[in-house]
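Okay, structure first, notes after.
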Amino acid sequence: VRPTPTCFDFNPGAPDCQDEHWEGTTTYKSPILQSCASNNLIFFTDGRPMVNDAQSVVKTMIGKPASYTCLANPVSPEGDCGRDLVQFLHTADQSSLTGPQNITTYTVGMAFPNSSPEVQWLQQLATDGGGSAYNTNSADQLALAFNAIISNILNVNTTFVAPAVTVNSVNRLTDRNDL
Numbered sequence: 012v013r014p015t016p017t018c019f020d021f022n023p024g025a026p027d028c029q030d031e032h033w034e035g036t037t038t039y040k041s042p043i044l045q046s047c048a049s050n051n052l053i054f055f056t057d058g059r060p061m062v063n064d065a066q067s068v069v070k071t072m073i074g075k076p077a078s079y080t081c082l083a084n085p086v087s088p089e090g091d092c093g094r095d096l097v098q099f100l101h102t103a104d105q106s107s108l109t110g111p112q113n114i115t116t117y118t119v120g121m122a123f124p125n126s127s128p129e130v131q132w133l134q135q136l137a138t139d140g141g142g143s144a145y146n147t148n149s150a151d152q153l154a155l156a157f158n159a160i161i162s163n164i165l166n167v168n169t170t171f172v173a174p175a176v177t178v179n180s181v182n183r184l185t186d187r188n189d190l
């Protein structure tokens, strides 16, 4: 990355950061390494979307033409294409591994009024992404939300087969070297 001296990690959307860019060739390395792994995205936010210059990238990624109108964000137009992106991640295969590799999206909002447009948008994102939405107003609620998300992720059906070896029916402690 070619850094700008007045751009800081805590505010990458600031105008001073707009001149930062990658130099050279970049290669994406997928975190999806196993065909049977659960793939999840937890979107945590305490505010409205402020900058969105990625709509054309999202449209290309999801296979839509530049003229395509993304699903609207009721909070601000900077959130447009968010629902399209999580739908794509959840419904399209995200890897060349055997079987479908989909990504489930969970959302966690911090300190929004329960009936606010922000909460409605986070609920839409989670629904479109196959996950759940949580709105929290304290550290305890935040911990409960993350615990619920982790519990949901771990509750995904998986299959395990235990290895088995035949045993001697007379003496169950030996197998007589016969398999």
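In our numbering, the protein residues as written are 12 to 190. Glycine included, every Cβ here is placed at the ideal spot set by N, Cα and C.
Query                                                                                                                             : Result
Ile43 vs Gln112 beta-carbon contact at 9 Å                                                                                        : yes
Beta-carbon contacts of Pro88 that lie in its chain and below 8 Å, excluding the five residues immediately before and after       : Asn63
Reference Thr115; option with closest CA among Gln29, Phe54 and Gln45                                                             : Phe54
Counterpart residues of Tyr117 in DSSP-defined beta bridges                                                                       : Ile53
Gly93 vs Pro60 beta-carbon contact at 9 Å                                                                                         : yes
Spatial neighbours of Ser49 in its chain, beta-carbon cut-off 7 Å, leaving aside the 5 residues before and after                  : Ile164 and Val167
Three-state secondary structure (DSSP) of Ala90                                                                                   : Note on residue identity: the sequence assigns Gly, not Ala, to residue 90. Gly90: helix per DSSP, three-state reduction.
C-alpha gap between Ser78 and Phe99, whole angstroms                                                                              : 18 Å
Where Cys1 falls, given that 16 or more other Cβ within 10 Å makes a residue buried                                               : An answer regarding residue 1 cannot be provided, because it is not within the stretch 12 to 190 covered by the chain.
Contacts around Gly141, its chain only, beta-carbon distance under 6 Å, and the 5 residues preceding and following it disregarded : His101 and Thr115
Length of the line joining the Cα atoms of Asp95 and Thr17                                                                        : 33 Å
Ala103 (DSSP reduced to helix, strand or coil)                                                                                    : coil
Option nearest Ala122 by Cα separation, candidates Ala65, Ser41 and Ser149                                                        : Ser149
Residues of its chain near Asp30, where Cβ-Cβ distance is below 6 Å and the 5 sequence neighbours each way are ignored            : Thr15
Contacts around Gly110, its chain only, beta-carbon distance under 6 Å, and the 5 residues preceding and following it disregarded : Ser46
Cα-Cα separation between Tyr39 and Val69, rounded to whole angstroms                                                              : 16 Å
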